[in-house]
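Going by this note's numbering, the residue at position 236 of the sequence shown is 236; the numbering climbs one at a time, nothing skipped.
We put the CB at the ideal spot given by N, CA and C, even for glycine.
Working notes, beginning with the structure itself.
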Amino acid sequence: MTKIPLTIILLTNRVDERFEQALASAQCAADVLVVANHVEDAVQPLHTQYDFQILTWDEPITDFSLVRNTALTHAKYDWVLFLDSDEVIDPASLAELTQLVTTPTAAAYGIRRCDVFLGKELEYGEAGNQLVVRLGKRTALKFSGTVHEVADVAGLVKPSSIKILHYSHPSIHEFISKVALYADQVATERAAKPISFKRLLFELIVYPPAKFIYGLIFQGGLVDGWHGVVYAACMSLHSTLVRIYLYEKVFIKHS
Numbered sequence: 001m002t003k004i005p006l007t008i009i010l011l012t013n014r015v016d017e018r019f020e021q022a023l024a025s026a027q028c029a030a031d032v033l034v035v036a037n038h039v040e041d042a043v044q045p046l047h048t049q050y051d052f053q054i055l056t057w058d059e060p061i062t063d064f065s066l067v068r069n070t071a072l073t074h075a076k077y078d079w080v081l082f083l084d085s086d087e088v089i090d091p092a093s094l095a096e097l098t099q100l101v102t103t104p105t106a107a108a109y110g111i112r113r114c115d116v117f118l119g120k121e122l123e124y125g126e127a128g129n130q131l132v133v134r135l136g137k138r139t140a141l142k143f144s145g146t147v148h149e150v151a152d153v154a155g156l157v158k159p160s161s162i163k164i165l166h167y168s169h170p171s172i173h174e175f176i177s178k179v180a181l182y183a184d185q186v187a188t189e190r191a192a193k194p195i196s197f198k199r200l201l202f203e204l205i206v207y208p209p210a211k212f213i214y215g216l217i218f219q220g221g222l223v224d225g226w227h228g229v230v231y232a233a234c235m236s237l238h239s240t241l242v243r244i245y246l247y248e249k250v251f252i253k254h255s
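In structure tokens form, the structure reads like this:
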């Protein structure tokens, strides 16, 4: 198979079946960079099956933009694609991926990210067909935000039909655990900025139910059936926990 002339950057803090699926999917690229967070020893044996280089990240990741921006400096090719350790590239997208990299008409491209939740590919709601900037020229990309980071692009951004399947939550229990983890990280980031108690109380009362209704009705989560309802409920829980954790960090003084 002819390799696509780009670097795929793959971040991981675990080595499991989902990571191996992501690594196998990344083999379409001529260069694969695995950013290994505390799992270098577990990643090394996979060299017998896959081609990749390793960037070791020993510190706990509290700023994902810093990790992504650092990884960009280690890419061997001008074009890069970021892939998470629970994502795979849809094989039907490889032809378009090759075309965009070899004959680009923009500095970066938005790609479709579809969640596969409890065995079902979600088509609606917050997770259905998200357009995210993951593919771009190495010199044109810079990420910002410590959590849920976004790409700031120096140049034109165009949409594409490239599709990535996201196998993030194999169980509701793991989904809720991740929701709590990310909520704490978001609350830590927000705690650095001033906020009044009245404002925080208003957000706690209004935002979580509004997020649930928005995901179900306005984003169409109900069309995905029970899977869409559960997903919207978990994301509403995330909104709730962010504000509860923020209250603890800002207004409760621990002895």
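Presumed contact (8 Å Cβ cut-off) between residue i and residue j, rounded CB distance
i, j, result
"Leu-94", "Phe-52", "In fact, because the Cβ distance is near 18 Å, the residues do not count as touching under 8 Å."
"Arg-68", "Val-39", "Arg-68 to Val-39, Cβ: 18 Å. No contact."
"Gly-125", "Tyr-231", "6 Å"
"Val-43", "Val-32", "Actually they are not in contact, since the Cβ atoms of Val-43 and Val-32 sit about 11 Å apart, beyond 8 Å."
"Ile-4", "Ala-75", "Wrong, their Cβ atoms sit about 13 Å apart, outside the cutoff."
C-beta contact flag for residue i and residue j at 7 Å
i, j, result
"Thr-12", "Tyr-77", "no"
"Leu-81", "Leu-135", "yes"
"Gln-185", "Val-147", "yes"
"Phe-175", "Cys-114", "no"
"Gly-155", "Ala-107", "yes"
"Trp-116", "Tyr-167", "According to the sequence displayed, residue 116 carries Val and not Trp. For Val-116 and Tyr-167, yes; Cβs fall inside 7 Å."
"Lys-211", "Ser-236", "yes"
"Ala-29", "Thr-56", "no"
Contacting residues, own chain, Cβ-Cβ under 7 Å from residue i (five flanking each side not counted)
i, result
"Leu-241", "Val-179, Ala-180, Ala-183"
"Val-153", "Ala-107, Ala-108, Val-133, Gly-136, Ala-140, Leu-141"
Buried/exposed call for residue i, threshold 16 Cβ in 10 Å
i, result
"Gly-128", "buried"
"Ala-26", "buried"
"Pro-194", "exposed"
"Leu-97", "buried"
"Phe-251", "exposed"
"Asp-84", "buried"
"Phe-19", "buried"
"Asp-16", "exposed"
Sequence-distant residues of the same chain with beta carbon closer than 6 Å to residue i, five excluded per side
i, result
"Lys-163", "Asp-90, Ser-93, Arg-112"
"Ser-255", "Here Ser-255 scores only 49 on pLDDT, less than 50, and its place in the model is too uncertain to base an answer on."
"Glu-87", "Ala-22, Ile-164, His-166"
"Met-1", "none"
Residues near residue i in its chain [Cβ-Cβ closer than 8 Å; skip 5 each side]
i, result
"Leu-246", "Ala-187, Arg-190, Ala-191, Ile-195, Leu-200"
Worksheet item: Touching or not, the stretch 130-145 and the stretch 194-203, by the rule of three or more beta carbon pairs under 8 Å?
Response: no
Worksheet item: Counting Cβ pairs closer than 8 Å, one from the stretch 113-123 and one from the stretch 55-67, do we hit at least three?
Response: no
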